[in-house]
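A.B. asks: Heads up: the sequence shown runs through residues -22 to -1, 1 to 223, numbered per mature numbering (1 follows the signal peptide of the UniProt record, and there is no 0).
Backbone N, C-alpha and C define an ideal beta-carbon position, used for all residues, glycine too.
All values reported here derive from a predicted model rather than from experimental measurement.
Encoded as structure tokens, here's the structure I'll be asking about.
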Amino acid sequence: MKKISITFAMLLAALTTTTAFAKDKVYKIATDAAYAPFSFKVDGAYTGIDVEVLDAIAKIEGFEYQLTPMNFNGIIPGVVSGQLDGAIAGMTITEKRAKVLDFSEGYYESGVIPVVTVDSKIASIADFKNKRFAVKKGTTSADWASANRKDLDSTIRYFDDSASMFQEVINGNADIAFEDYPVIAYKISLDKTPTLKLVGEKLTTAKFGFGVKKGQNAELLKKFNDGLAKIKANGTYEKILNKYQ
Ligand code: ASN
């Protein structure tokens, strides 16, 4: 009898410690360091759809997090290696990524679209032969370019961030950049003197999702999905989106 009660007490202690730990946990969550309108720095502070959606969800679900802005290319490896607990980074839900990550419900419609300078003669995919492509490392845009490069007899240059990729096209060192539709549409809408334009329709249709390491973080994923449903129901989600339209 004595033996049993000691075991029970120990179990209770262990359980209490685990619960306390889960409550105090500060989730390390990555975002793309420069990806307006999803995450970008204004006057020294990060803002954008991803940043505000995460914050609203954390508040309503009652969890703490540390936002970790970084180049997109390091984000999935960071989650997979366990250095990051999750990522909200304008990140497309794909089958390939779903092999190493668990994704939330999609929270934003996207898809890859080609981008050229306003004076470019490139008007459709028929004009993509023998061109110099610019893409951001580790992205679905880079995947599209590398899957089609051979057929199109084209070359690819890789960049760490979207701004450097766009600059390469603006400078005339690349002919076509590939970017997610909402990101380039937002940039063009803000340009006082337009430098870039879209070509044709989206090449892919996709959704952005919040991601955690596969099979490792069901608790955080559930909090994200529950919180997303709540902020959609109470109007917060729409309010956030409206700020960036
Ligand atoms: N939208 C990109 C992708 O899913 C990620 C990014 O550039 N932040 O590949």
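Please report the distance separating the alpha-carbon of residue 235 from that of Lys185.
C.D. replies: Given a span of -22 to 223 for the chain in the structure shown, any question on residue 235 remains unanswerable.
A.B. asks: Would you call the region 16 to 35 and the region 50 to 68 in contact, with 3 or more CB pairs under 8 Å?
C.D. replies: They touch, by the three-pair rule.
A.B. asks: Can you list, in chain order, the stretches of the beta strand (DSSP E) that have 3 or more residues and sit fully within the region 139 to 184?
C.D. replies: Counting whole runs of 3 or more residues, the region 139 to 184 contains the beta strand (DSSP E) stretches 154 to 158, 174 to 176.
A.B. asks: With a CB to CB cut of under 7 Å and the five nearest residues on each side skipped, what residues in its chain are close to Trp122?
C.D. replies: Cβ neighbours of Trp122 beyond the five flanking positions: Val90, Phe156, Leu181, Thr182.
A.B. asks: Can you tell me whether Leu168 is buried or exposed, with buried defined as 16 or more other CB within 10 angstroms of its CB?
C.D. replies: Exposed, by the Cβ-count rule.
A.B. asks: To the nearest angstrom, how far is the alpha carbon of Asp63 from that of Tyr164?
C.D. replies: When rounded, the distance between both Cα atoms is 29 Å.
A.B. asks: For a test of your reading of the model: does the CB of Gly68 fall under 6 Å from any non-hydrogen atom of ligand 2? Yes or no.
C.D. replies: As presented, the structure is devoid of ligand 2, carrying ligand 1 as its sole ligands.
A.B. asks: Spatial neighbours of Leu199 within its chain, please: CB distance less than 7 Å, with the 5 preceding and 5 following residues excluded, ordered by chain position.
C.D. replies: If we look at Leu199 and ignore the five residues flanking it on each side, its Cβ neighbours are Asp80, Ser82, Val190.
A.B. asks: State the Cα-Cα distance for the pair Ala211 and Ala36, rounded to the nearest angstrom.
C.D. replies: Roughly 16 Å separates the two Cα atoms.
A.B. asks: How about Lys6 and Gln44: do their beta carbons lie closer than 7 Å?
C.D. replies: Contact: yes.
A.B. asks: Nearest by alpha-carbon distance to Asn220: which of Gly187, Asp21, Glu30 is it?
C.D. replies: When each option's Cα is compared against that of Asn220, the closest is Glu30.
A.B. asks: Using CA coordinates, which residue listed in Glu197, Ala207, Ser102, Ile53 is at the minimum distance from Asp139?
C.D. replies: With distances taken between Cα atoms, Asp139 lies closest to Ile53.
A.B. asks: Could you tell me the distance, in whole angstroms, from the CA atom of Tyr85 to the CA atom of Ala196?
C.D. replies: If you take the alpha carbons of Tyr85 and Ala196, they lie about 18 Å apart.
A.B. asks: Say whether the region 118 to 135 touches the region 95 to 102, bearing in mind that this needs 3 or more beta-carbon pairs closer than 8 Å, one atom from each stretch.
C.D. replies: Counting Cβ pairs under 8 Å, fewer than three are found: no touch.
A.B. asks: Within this structure, are the beta carbons of Met107 and Ile154 separated by less than 7 Å?
C.D. replies: Per the sequence shown, the amino acid found at residue 107 is Lys instead of Met. Taking 7 Å as the Cβ cut-off, Lys107 and Ile154 do not qualify as a contacting pair.
A.B. asks: For Phe(-2) and Asn203, I'd like the C-alpha separation in whole angstroms.
C.D. replies: In this prediction, Phe(-2) has a pLDDT of 48, which is less than 50 and means its spatial position is unreliable; what the coordinates show is noted afterwards. When rounded, the distance between both Cα atoms is 22 Å.
A.B. asks: Rounded C-beta distance between Val93 and Leu174? I'm assuming under 8 Å.
C.D. replies: Correct: roughly 5 Å between the Cβ atoms.
A.B. asks: Any idea what DSSP makes of Glu87, helix, strand or coil?
C.D. replies: Reduced to three states, the DSSP call for Glu87 is strand.
A.B. asks: Spatial neighbours of Ile134 within its chain, please: C-beta separation below 7 Å, excluding the five flanking residues on both sides.
C.D. replies: Once the five neighbours on either side are set aside, the close Cβ partners of Ile134 are Phe111, Val113, Ala123, Ser124, Arg127.
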